Amino acid sequence: MSEAAILGFLQTNESILDSGQFAAEHNLDHEEVKNVIKSLQGFRYIEAKELKRETLVLTDDGKKYAVEGSPEIHFFSAKDDLELDPSVFKIGSTQAAKKRWVAMGKQVSRKVQHVEDKVKESLLQIQQGLELDKESLSSLKTRKLLVAQGWTGYSDVEKGPNYAPKRKIIATDLTRENLHNWKELEFKEYNFNAKGQPLDAGHLHPLLKVSASLSFCPSDQQSFMSELDSQVPTAFGAGTKEYVHICVQQRNGRKSLTTVQGLKKEYIYSNILKDLKKEFCCNARYLITSRKSFVATVHWLQTQ
391 MSEAAILGFL QTNESILDSG QFAAEHNLDH EEVKNVIKSL QGFRYIEAKE LKRETLVLTD
451 DGKKYAVEGS PEIHFFSAKD DLELDPSVFK IGSTQAAKKR WVAMGKQVSR KVQHVEDKVK
511 ESLLQIQQGL ELDKESLSSL KTRKLLVAQG WTGYSDVEKG PNYAPKRKII ATDLTRENLH
571 NWKELEFKEY NFNAKGQPLD AGHLHPLLKV SASLSFCPSD QQSFMSELDS QVPTAFGAGT
631 KEYVHICVQQ RNGRKSLTTV QGLKKEYIYS NILKDLKKEF CCNARYLITS RKSFVATVHW
691 LQTQ
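Each residue of the sequence shown is one higher than the one before, starting from 391 at the first, in our numbering.
Here it is as C-alpha cells:
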C-alpha cells in the first residue's frame, strides 16, 4: 500500500518533501513508508535524502495530564482533600502553591478565583505539532512530562533513473517455473566480487600475543622476537640450545603452568617477568639451571 502510494504520488508530482508529513496525509505508518523508500532507493526507482531531527514526545504522565488535566487544577477545583488521590494531592498542592493560586497553612485558602490549565494547553499543542516558547518547554521537561526523541525520515524523494509506476518483479534464481520463459524474465544482478565475512581461525599462545609489547633490552629486542617467532613452531627436538621451548601444563580448574626454556643469558629476565605479571595478572619466577639442554627457565602460573 505504501509503495503504490509513493510511486503513484511521484507519477503526478515532482517530489515528496517530508516522509513524515506524507505518511500523515495519506494515513500510512511512517516506519513502513521509510522501509519502502529505502527498498525503492536500492533499486534506483527513486532518489532520497536522509532527514534527522528531534521531536518532543509526551511521557505517560504527560499523556494523562493532556486528557484529564494537571494535578494543580484538580487540587484547586477540589472541595475536599479526601476527593484527591495522594499522588495528585502532593503534586497539585506543590504546583498550586508555587504558582500562588493558594496559600498553604492549617487550612488551604485560595488567592485567586479563576485559573487556567496552561499545562494541559501546552501538552495539547505539543501533540498537535505546534511550537512552544522556551520557558514552557523547560518547565514541562523539568516535570518530566515530555522528552526529546530522535526522529529519522527522508526528504526530497524524487524519481530515480529506473522509475516506473509499478515495481518490476525481478527473478533471483532459475527455478523450474522460470525455465519456460527465462528469456523474458529480468534477473537480479549478482555481485561476484563480494567478499564473505572474515573467519576467526587459529589461536596464538599468550606469549606470542604480547610479544610486541614485551620490554627487553633495546639492542636485543628485535633479535629475540625474530628467534622466538621462527624457532617456536619448529622446536620439537629436545636438547637443542637454539630453540625456545614453550610448554603449557593444565592444572586444576582454570590454572595452568607455562614453562619457557632456551632463553639466552643476554636477556633481562626481570623485565620479562615484570611484563608477564602485568599482562596476565599471575605469579612468575625464573631460575638458571646447570643443564646443558637450556640456558634459562621461566615459570609462571596463569590465574585468568
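Just so you know, even glycine gets a beta-carbon here, dropped at the ideal spot from N, CA and C.
Quick caveat: nothing in here was measured; it's all calculated off a predicted structure.
Nearest to residue i (by Cα), restricted to the options the options
i    : options                : result
H635 : T649, I662, R641       : T649
G398 : T532, V547, E579       : V547
D563 : W572, K556, P555, V478 : W572
L530 : R566, K453, N583, M494 : K453
K578 : G410, E393, G432, D408 : G432
L513 : W541, R557, D450       : D450
R490 : V478, E458, K496, H504 : H504
A414 : L653, S528, I396       : I396
V498 : T484, E511, V447       : T484
G482 : E422, V423, R533       : R533
R644 : K668, Y659, C672, E656 : C672
K664 : A674, L535, F465       : A674
D507 : T542, L474, E458       : E458
P521 : G586, N583, L446, I406 : A small correction: the amino acid at residue 521 is Glu; Pro does not occupy that position in the sequence shown. Of the listed residues, the one whose Cα sits closest to E521 is L446.
Y633 : Q639, K654, N642, S646 : K654
Supposed close pair residue i, residue j - CB separation, criterion 8 Å
i    : j    : result
S460 : V509 : 4 Å
A561 : E576 : 7 Å
Y544 : L441 : 6 Å
P551 : R434 : 5 Å
V426 : S392 : 5 Å
A438 : Q517 : Wrong, their Cβ atoms sit about 28 Å apart, outside the cutoff.
E444 : G540 : 6 Å
I436 : Y553 : 7 Å
L448 : L536 : 5 Å
L400 : K558 : Actually they do not touch by this definition, with Cβ atoms about 16 Å apart.
S405 : H420 : Not really, about 17 Å apart at Cβ, beyond 8 Å.
Range covered by the beta strand (DSSP E) that runs through residue i
i    : result
I516 : I516 -> not in any beta strand (DSSP E); alpha helix (DSSP H) instead, spanning 508 to 517.
T648 : 646 to 651
V457 : It is not in any beta strand (DSSP E) - V457 instead sits in the alpha helix (DSSP H) that spans 450 to 458.
Residues that residue i bridges to, as DSSP identifies them
i    : result
K439 : S545
S445 : Position check: residue 445 holds Thr in this sequence, whereas Ser was assumed. According to DSSP, T445 bridges with Q539.
R500 : V492
H416 : None; H416 has no bridge partner.
S405 : E548
C672 : Answer is none; C672 lacks a bridge partner.
E640 : The residue asked about is misnamed: residue 640 is Gln in this sequence, not Glu. DSSP, once it has assigned bridges, lists S646 as partnering Q640.
A561 : F577
First and last residue of the uninterrupted alpha helix (DSSP H) at residue i
i    : result
Q401 : 392 to 402
V426 : 420 to 432
I463 : 461 to 467
E567 : Run containing E567: none; DSSP gives neither H nor E here.
E525 : 524 to 532
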